[in-house]
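Residue numbers (the numbering used here): 1 to 170.
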């Protein structure tokens, strides 16, 4: 989806955390080293899909600690909404709220709030979910209220922190 968006009107990726907490206590992957690797992985993925570094907004929220930020969700959603508006985005894509990762759950809730603020169509994708999820397909009268999205198999290696991708879709 991002490759198509970058080839057309463009897209933005909002990286919620630095992804540095996936290996707590690891000597091989201390938090700063892992955060640096995750940033490089994201930059390489964006470039491979035809995007540029300017397409990425990094919020720097605590990896593995986003549920603790619940009192700030409206503030964070306002930041996400600002990026959506600045990009002229009409679609917001976020990790599924059913995904069994605290940061994915929090990101889904923040995305809901940002979508309400902007009127962006909100879609969810599974990362670690081992089941089929129901994703909201809002703002499109020709579609039903939900769309079924089969999940991929869980990855055996750690995933980078969850981005929110906002495609302009113009």
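Cβ atoms here follow ideal geometry from the backbone N, Cα and C, with glycine treated the same way.
Bear in mind that the values here come from a model prediction, so they are computed numbers and not experimental data.
Between residue 102 and residue 58, the C-beta gap is not smaller than 7 Å, which leaves the two residues out of contact. Distances from the alpha-carbon of residue 21 to those of 128, 38, 6, 9 put 38 closest. Beta-bridge partners assigned by DSSP to residue 125: 95. Between residue 77 and residue 121, the C-beta spacing is not below 7 Å. As DSSP reads the structure, residue 57 sits in a beta bridge with 14. The three-state reading of DSSP puts residue 23 in coil, since its state is none of H, G, I, E or B. Where residue 32 is concerned, the enclosing alpha helix (DSSP H) starts and stops at 31–48. Residue 3 places its beta carbon 7 Å or farther from that of residue 42. Going by beta carbons, residue 55 and residue 13 fall inside the 7 Å limit. As the crow flies, the alpha-carbon of residue 8 is around 11 Å from that of residue 51. Residues 128 of the same chain have their beta carbon placed closer than 6 Å to that of residue 100, with the five preceding and five following residues left out of the count.
In this structure, DSSP gives residue 9 a state outside helix and strand, which the three-state scheme calls coil.
If you draw a straight line from the Cα of residue 35 to the Cα of residue 68, it comes to about 20 Å. Here the alpha carbon of residue 119 sits roughly 45 Å from the alpha carbon of residue 27. Assignment of residue 74 by DSSP, reduced to helix, strand and coil, places it in the helix class. The straight-line gap separating the alpha-carbon atoms of residue 79 and residue 29 is approximately 30 Å.
In the structure shown, the three-state DSSP call for residue 52 is coil.
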